[in-house]
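Those protein sequences? They're chains P and B, same order as listed. Here full-length UniProt numbering is used: the first residue of the first sequence is 1, the next is one more, and so on. Here full-length UniProt numbering is used: the first residue of the second sequence is 1, the next is one more, and so on. See structure below.
Protein chains: 2
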Amino acid sequence: MTEKKNVSIKDVATRANVSTATVSHVINGTRFVSNETKQKVHSAMNELNFRINSVARSLRSRRSYIIAFLAPLLASETSNFYFMSVAAGVQSVLKQKGYHLILSDSSDNVEAENKEISMFDSQMIDGLIVAPASRDCDYEQLFGDYPVVYIDRVPDHCERDSVLIDNKTATKEAVQKILDKGHQKIAFLSGPLSVTTTIERYEGYTETLMNAGLELDDSLIRIGEVSFENGYSNMGDLLEMKPTAIFVTDNVMAMGAMTYLQDHSIRIPDQLAVVGFDDVQWTRVTHPPLTVIQQPSFQLGVKTAEVILQRIEEGISGKEEHRLQANFIVRQSL
Amino acid sequence: MTEKKNVSIKDVATRANVSTATVSHVINGTRFVSNETKQKVHSAMNELNFRINSVARSLRSRRSYIIAFLAPLLASETSNFYFMSVAAGVQSVLKQKGYHLILSDSSDNVEAENKEISMFDSQMIDGLIVAPASRDCDYEQLFGDYPVVYIDRVPDHCERDSVLIDNKTATKEAVQKILDKGHQKIAFLSGPLSVTTTIERYEGYTETLMNAGLELDDSLIRIGEVSFENGYSNMGDLLEMKPTAIFVTDNVMAMGAMTYLQDHSIRIPDQLAVVGFDDVQWTRVTHPPLTVIQQPSFQLGVKTAEVILQRIEEGISGKEEHRLQANFIVRQSL
DNA sequence: TTCATTGAAGTAAACGATTACTTACTATAT
DNA sequence: ATATAGTAAGTAATCGTTTACTTCAATGAA
């Protein structure tokens, strides 16, 4: 790389015949500078093609304008882009405010996650947005001196702000809709109950059935690792219990399930009604298009960004819970 | 935020009764330090819960271990996750090497893109990976003093390394396969020819037809903004020209097109054979599953990360073109 | 005329690491 | 005994900003 010496604020100051303090204040608008002087400084900056060194700035001002987002971004084989969409929402807000976003992948694995967290030191980031991989991990001791906001899920003893989807309400609504269609044997297919998100959905399902005076039938409930294959095979198993409807809480598993149904020419919704989670692209082009609970993923990111930005501004961490409502998207699979 | 004073290398040095230089060398392994002293330093670091300040480190060492990825990440309404998948590939390599990734969205818009580039100053990032929004923009003057690698596409007068998909070869192979099935009237649906990627695909299509001794029929060719709606409506228009097969170069448009075909109960591949681009999730669950050209998006990211990391190591920018081969995934739509 | 006030800009000490240069000591060769 | 080389670690300048504190001149009041 060419050893171009960097143009510093000092060079600008010399050229404009002012002090570095003045240059800095012109750049940041942090104190009054006469128009005349401002002009001189601006000219000097242009002539020298000055670019501020944000690292030096961060060091001194203790602000980096960088926020980290830690989530299972690259997770499963059939990549789950849910968090990417969330990230897009975060990004859209930060961008406007002049912040940068660092994306980190936790692989939904506590160790990888902890390692990532310790890679961020307090000076490097102004805040952290995290979708915790585990419920029982003492995150507090890992965090540095910056605001933290949990997104999508929270650990057991949550001491921070959180922005979540109202999973239980959404699930209850969906299951109720299924009941309203006259179904009694409603299967439930889901990922492991190791994150609050899944637990809430599970509770929504069981509570709704119980409220309707139905017995819970364990053989209609399948919980397993999230994967296409798992969705596919579990669908086969569940079908033997003769359900008339199925509710799938994860879109990757749902895709496996739908593929199974398609491979075996099961007519939807006649033979089996299907309701899924997440309004991902493919749900619109299946035959028939899938009825789903749509999580406002982008909005989730937007809200989270807003919350963390405010905390950064205030200079304090908080412990507020924000819930976003999901939408029930009616298509033809129910 | 609590005004916790940060533990610095100085505090560690004092506690361990050594100099800051020694502490630094212990941390970085940059010169020999006796085991005894190393021990003292490590103990002191643990006792004080020392975390290195990477900002100060960057300032002095002129290395940030941050690489930026600038691409149309959040692009269209029906979010196109192609670049997210590429980012995942980049990320997987960087993570191993202790680098961080900053994701920036260009919105495929030159102005937004230029603004983003100028937000990165030379100290902040060690390298830039960019999918240029435009062919005719003088990027060189915008870049700072770091290696740059173009990904997926290149601008007109490319002076940098690039990592690309061999679009032309892939397209030729695909179109040839369509011809081999006996089709003569092959429609072509694509996004604007404003990026090299699309141009190469267009050339692949025309050349293959010409090589086969067929006349090019402009009425079978549709080029327009990338969107679901555009895919949908263009599919309708094209159908009037009675093609027996269609090649769609963009997955968002393909989704629109497939939806049109499904809505109008066109039998695939009997009435119309379809070949798409990108092996995105939904192509596996359409009826029938779509035959596509699969771009090794994750691998593209991996390769790019490797290239830029090497340039950073070498300290020089280069101008090499790397091409990755795409795969033809045969499913039932052809 | 003198002193206080205000306005505009300068001085220099941080921020927390890295690193070129120097030092102090030990061991070996002459 | 002295010069020489080698080993382990210390000193302090430096990276490029921000910012608390100071300065200087001009203005107006007494």
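By construction, the Cβ of each residue, glycine as well, lies at the ideal position given by its N, Cα and C atoms. Quantities reported herein were computed from a predicted structural model and do not represent experimental measurements.
Residue from P:V330, P:V110, P:D105, P:E225 with nearest C-alpha to M253 (chain P)
P:E225
What are the partner residues of L309 (chain B), as DSSP defines its beta bridges?
DSSP lists no partner for L309 (chain B).
Neighbour flag for H100 (chain P) against chain B, beta carbons, 8 Å
yes
Leaving out five residues on either side along the sequence, give the residues of the same chain with a beta carbon under 6 Å from the beta carbon of M235 (chain B).
Closer than 6 Å at Cβ, skipping near neighbours: A257, Y260.
Residues in the same chain with beta-carbon distance under 8 Å from T208 (chain B), minus the five sequence neighbours each way, listed in chain order, please.
Annotation for T208 (chain B): T171, K172, V175, Q176, L179 place their beta carbon closer than 8 Å to its own, counting only its chain and skipping 5 residues before and after.
Could you tell me which whole beta strand (DSSP E) segments of length 3 or greater appear in the segment 92-152 of chain B?
100-105, 127-130, 148-151
Please state the DSSP three-state secondary structure of T2 (chain B).
With a pLDDT of only 39 at T2 (chain B), under 50, the local geometry of the prediction cannot be trusted, and the value read off the model is given with reservation. In the three-state reduction of the DSSP assignment, T2 (chain B) falls in the coil class.
Could you confirm whether any beta carbon from chain P is found closer than 8 Å to the beta carbon of N327 (chain B)?
no
Using a Cβ distance threshold of 8 Å, determine whether the segment 121-138 of chain B contacts the segment 104-111 of chain B, with at least three qualifying pairs required.
Below 8 Å, enough C-beta pairs join the segment 121-138 of chain B and the segment 104-111 of chain B to call them touching: three or more.
Opposite T291 (chain B) in the DSSP bridges: which residues?
As a beta-bridge residue in DSSP terms, T291 (chain B) pairs with B:V275.
If I'm right that S64 (chain P) touches I125 (chain P) with Cβ under 8 Å, what's the distance once you round it to whole angstroms?
6 Å
I'd like to check one pair, R51 (chain B) with G127 (chain P): are the Cβ atoms closer than 8 Å?
no
For a quick check, are the C-beta atoms of Y150 (chain B) and C158 (chain B) less than 8 Å apart?
yes
What does V285 (chain P) touch in chain B if you count any residue whose Cβ is under 8 Å from its own?
M255, M258, T259, Q262, W282, V285, T286
Mind checking the segment 42-57 of chain B against chain P and listing, in chain order, the residues whose C-beta falls within less than 8 Å of any C-beta there?
R51, I52, N53, S54, V55, A56
Against chain P, with Cβ distances strictly below 8 Å, would A133 (chain B) count as a contact?
no
Report the option in P:T283, P:H287, P:Q281, P:T249 whose CA atom is closest to the CA atom of H264 (chain P).
Shortest Cα-Cα distance from H264 (chain P) to any of P:T283, P:H287, P:Q281, P:T249 involves P:H287.
Does any C-beta atom of chain B lie closer than 8 Å to the C-beta of L209 (chain P)?
no
Along the chain, where does the alpha helix (DSSP H) that runs through A245 (chain P) open and close?
From DSSP, A245 (chain P) is part of no alpha helix (DSSP H) but of the beta strand (DSSP E) over 245-248.
Can you check whether the CB of P296 (chain B) is closer than 8 Å to the CB of L334 (chain B)?
no
Do F277 (chain P) and T249 (chain P) have their CB atoms nearer than 8 Å?
yes
Pairs of beta-carbons, one from the segment 299-306 of chain P and one from the segment 160-171 of chain P, closer than 8 Å: are there three or more?
yes
Relative to the C-alpha of L216 (chain B), which candidate in B:K319, B:T30, B:K40, B:K185 has its C-alpha closest?
B:K185
Checking the sheet assignment: what are the DSSP bridge partners for R222 (chain P)?
Beta bridge pairing from DSSP links R222 (chain P) with P:L189.
In the structure shown, what three-state DSSP assignment does V33 (chain P) receive?
coil
Where the alpha helix (DSSP H) through R17 (chain B) begins and ends:
Note on identity: in this sequence residue 17 (chain B) is Asn, with Arg being the wrong assignment. Run containing N17 (chain B): none; DSSP gives neither H nor E here.
Taking the alpha-carbon positions, what's the V169 (chain P) to T206 (chain P) distance?
For the sequence presented, residue 169 (chain P) should be read as Thr rather than Val. Distance between the alpha carbons of T169 (chain P) and T206 (chain P) is about 12 Å.
Rounded straight-line distance, which links the Cα of N53 (chain B) to that of S8 (chain B)
8 Å
If we define contact as Cβ-Cβ less than 8 Å, is Q123 (chain P) a contact residue for chain B?
So yes, Q123 (chain P) belongs to the interface.
Which whole-angstrom value describes the C-beta separation of residue 415 (chain P) and A305 (chain P), a residue pair presumed to lie in contact below a C-beta threshold of 8 Å?
Any question about residue 415 (chain P) goes unanswered here, given that chain P covers just 1 to 334.
Does any residue of chain B bring its CB to less than 8 Å from the CB of S64 (chain P)?
yes
By Cβ distance, which residues of its chain are closer than 8 Å to residue 396 (chain P), with the 5 residues on each side in sequence left out?
Lying outside 1 to 334, the shown extent of chain P, residue 396 (chain P) is not represented and no answer is given.
Hey, is A13 (chain B)'s beta-carbon within less than 8 Å of any beta-carbon in chain P?
no
Residues of its chain near R31 (chain B), where Cβ-Cβ distance is below 7 Å and the 5 sequence neighbours each way are ignored
H25
Got a sec, what are the start and stop residues for the alpha helix (DSSP H) E200 (chain P) sits in?
196-211
So, with DSSP's three-state summary, where would you put R63 (chain P)?
Look at R63 (chain P) here: in three-state DSSP terms it is coil, with no helix or strand label.
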